[in-house]
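Engineer: If you scroll down you'll find the structure; I have some questions about it.
In full-length UniProt numbering, the protein residues as written are 1 to 171.
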């Protein structure tokens, strides 16, 4: 980062993370990636007719499962990455980088002024929220955080207003 520039880092937390993966989105992404038909059909079968059973001494309940990637499964993390990777392919501005590891997302935006960095970051987050809506993913504003980085020598107000779900994020 050049001296005098500002960077805003936003860490975004996915509410429910692996449990939130929406299967139609994963299948759509596999099609867009031109996944071989046999592997696509295997994934489609993996997502079909899944149930969860809860058994106690006095009762047993069974429910259909329609979303989620079991973390203990061999396929779950891969399916999550397939869906989440489509977020990284959004058309971010040239001053923004998106980095993900598993279900953690970091957005880094740089600019010459604090206000410009704030505005650019809010624009990029709105792109992410549109993606999230399309993919039935919710970001948790209580666990998402903002950090400002600068090499400026002069003192100035480093408070920024970055919004997620129409709520300001904690800095």
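Every residue gets a Cβ at the ideal spot worked out from N, C-alpha and C, and that includes glycine. For clarity, every value in this text was computed on a predicted model and none was experimentally measured.
To the nearest angstrom, how far is it from the Cα of residue 99 to the Cα of residue 164?
Structural biologist: The alpha-carbon separation between residue 99 and residue 164 amounts to approximately 18 Å.
Engineer: Express the C-alpha separation of residue 31 and residue 60 in angstroms, rounding to a whole number.
Structural biologist: 38 Å
Engineer: Per the DSSP calculation, residue 84 is bridged to which residue(s)?
Structural biologist: According to DSSP, residue 84 bridges with nothing at all.
Engineer: Does DSSP classify residue 150 as helix, strand or coil?
Structural biologist: strand
Engineer: For residue 92 and residue 124, what's the separation of their Cα atoms in angstroms?
Structural biologist: Distance between the alpha carbons of residue 92 and residue 124: 7 Å.
Engineer: Considering only DSSP beta bridges, list what residue 101 is partnered with.
Structural biologist: 104
Engineer: So which of 62, 122, 47 has the shortest CA-CA distance to residue 54?
Structural biologist: 62
Engineer: Is residue 8 closer than 7 Å to residue 96 when the C-beta atoms are compared?
Structural biologist: Not a contact, by the Cβ cut-off of 7 Å.
Engineer: With a threshold of 16 other CB atoms inside 10 Å of the CB of residue 26, please say whether the residue is buried or exposed.
Structural biologist: buried
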